[in-house]
Amino acid sequence: MRGTGRTLAGLVGDHAGTALLLGWVVLAIAGNIGQWGGDMAALWFAGHFLAAGQPDLVYAAPPGFFGGTPPAWQPLLDAELRGRPAAVVYSYAYPPVWAGLMAPVSRELSAQRFLDLAMVANVLMLAGCVLLAERIARPRILSRSAFRCWGVAVLAITLPAQIALAYNQPNILISFLTLACFALLDRHPRLAGGLLGLAAAIKLLPIALCLLFLPRRRFGALAACLATAAALAVLSVAWLGWPLHRAFLDQLALASENMVWGYMNPAPRIAVQDLLAHFGLAETFHFDQAWLAFGHPSAPVSTGAGIVALAGTLATALAWRARGAGGQTEMTLGLLALSIGIFLLGPLSWLHYMIVPMLIAPAILARMAPLPATAVLLGAIALDTPAATQLLSLRTFTWVQSAFWTGLCALAVALLLRRDPPRERKPGE
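Take the sequence shown: its letters are residues 4 to 432, numbered as in our numbering.
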């Protein structure tokens, strides 16, 4: 009986993480079906206007871009809500090709029906992200079940995942494609590169990650990434014409000329600009509420060629150092550092960009003693829970987030550069 008890206990322990993950999937779908997602709704609206022969409305936006629903979209929004509580549709800021693919879908599905299907897909992809992160980032010290429990904690109680689901964020797909790319890189390099190229064709920032292919000499993956992104860009222009792409570029320019500051985007450059504003060295932010402000980027902290160059330098340095060992841990630490760097240095530091870094953060356990590494991981969870937004002012929250993630990025680089690493865990081991 004792042996049977130990066997049952071991069986429960081995599958506890899987059970929790499945339970989260069920609860997340049940809790979010029927909810309006302003970010994903933008895709449906863009497709609808393209299908209706109104391409001039695809890239409609409020005067400050971040001001809510584009005025030209409001009548359609009211019709789609059908008397339900007021909701918001944010401006569409993705390449035209995705609106083109959405156009026939918008004829067949109402906005809410599409959002419900997208929500199911997003929940399933987030669960898939946990399994993909496990494949590339699980250290030997963690069992599969323990890693999945970590993943469920990230999805269930942290702001990046909660915000992504609340807005039905298309970026969940980018997170999934990014993790799938690095999970498949060794066995199917061209497919992996194609997936990252697809992510880059949705939002350009993931293209920086292809530099991590170089230390593994995955030149086929690099070529596939660039070819996929380029092919989709050419297809988009050939199919939908240059004027719509000109409108897309104008939309990006409008977004870059404005800033929004809230708990959902604790950007370091916003914190720096706010600090400089106290000394009269930058433009001040206008607070609509204690937790939401709007402004314009000032020259000292605007995202431009210097920040892009810094991100590229970081990526190149990581790739160059990783070439010697080139193991799974080096690759994962490089991905951790660079994905955090994209959040810190990118033009918009949305918290949902942190889904990938948070899921793969346990990789630091491969190079650190368990106690300090666990403290770092628990700190990441604690600082990104809704409770943190209740305890900390927006300014304090932004500085704390910026400092913590800068520190973790530096830690990942330091662990990557560490000499005489322990024996590598091979993927899937």
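Glycine included, every Cβ here is placed at the ideal spot set by N, Cα and C. Quick caveat: nothing in here was measured; it's all calculated off a predicted structure.
In this structure, S239 and H248 form a Cβ contact; the two beta carbons are roughly 7 Å apart against a cut-off of 8 Å. Non-local C-beta neighbours of A96 in its own chain, meaning closer than 7 Å and more than five positions away in sequence, comprise Q254, L255 and A258, ordered along the chain. Put simply, the segment 160 to 172 touches the segment 355 to 362. At least three CB pairs are less than 8 Å apart.
Of the residues R138, Q172 and L411, the one whose Cα lies closest to the Cα of V126 is Q172. The continuous stretches of beta strand (DSSP E) do not include Q331, which lies in the alpha helix (DSSP H) extending over residues Q331 to L348.
Contact check for W27 and S109: beta-carbon distance about 30 Å, past the 8 Å limit, so the pair fails to qualify. Where Q393 is concerned, the enclosing alpha helix (DSSP H) starts and stops at P389 to L394.
Pairing L217 with L194, the inter-Cα distance amounts to about 16 Å. According to the DSSP assignment, V263 belongs to the beta strand (DSSP E) that extends over M262 to G265.
L201 places its beta carbon 9 Å or farther from that of L187. Following the DSSP letters along the chain, one finds H289 inside the beta strand (DSSP E) bounded by residues H289 to Q292. Between the beta-carbon of F282 and that of W264 there is about 18 Å, and that puts the pair past the 8 Å contact cut. Sixteen is the threshold: since fewer than 16 other Cβ atoms of the shown chains lie within 10 Å of the Cβ of Q77, the residue is exposed. In the structure shown, A296 falls within a strand segment according to DSSP collapsed to helix, strand and coil. Apart from the 5 residues on each side of it in sequence, P209 sits with its Cβ closer than 7 Å to the Cβ of I177, T181, L199, A202 and A203 in its chain, given in chain order. Bounds of the alpha helix (DSSP H) holding L229 are F222 to L243.
DSSP places T399 within a helical segment (H, G or I) once states are collapsed to three. Under the 10 Å beta carbon count, A102 is surrounded by 16 or more other beta carbons and is classified as buried. Look at the segment 102 to 181 and you find these whole runs of alpha helix (DSSP H), each 4 residues long or longer: 114 to 140, 147 to 160 and 162 to 169.
A183 and S342 have their alpha carbons spaced roughly 15 Å apart. In the structure shown, D59 adopts helical secondary structure according to DSSP, grouped into three states.
Setting aside the 5 residues that flank it on each side, I36 is surrounded in the same chain by D119 and M122, each with a C-beta closer than 7 Å to its C-beta; the list follows chain order. Cβ contact annotation for F251 (same chain, cutoff 7 Å, sequence separation greater than five): Y62, P98 and P99, in chain order. Here Q276 is buried, its C-beta having at least 16 other C-beta atoms within 10 Å.
Fewer than three pairs of CB atoms, one per stretch, sit closer than 8 Å, so the segment 224 to 241 makes no contact with the segment 343 to 354.
Listed in chain order, the non-local C-beta contacts of P74 below 8 Å within the same chain comprise A63 and P65, local neighbours out to five positions each way being set aside. Under the three-state reduction of DSSP, H191 is assigned to coil, being neither helix nor strand.
Nearest in C-alpha terms to V91, of all of I139, Q38 and A106, is Q38.
Within 10 angstroms of the beta-carbon of W153 lie 16 or more other beta-carbons, which makes it buried.
When the alpha-carbon of L80 is set against those of F68, G70, Y93 and F69, the nearest one is in Y93.
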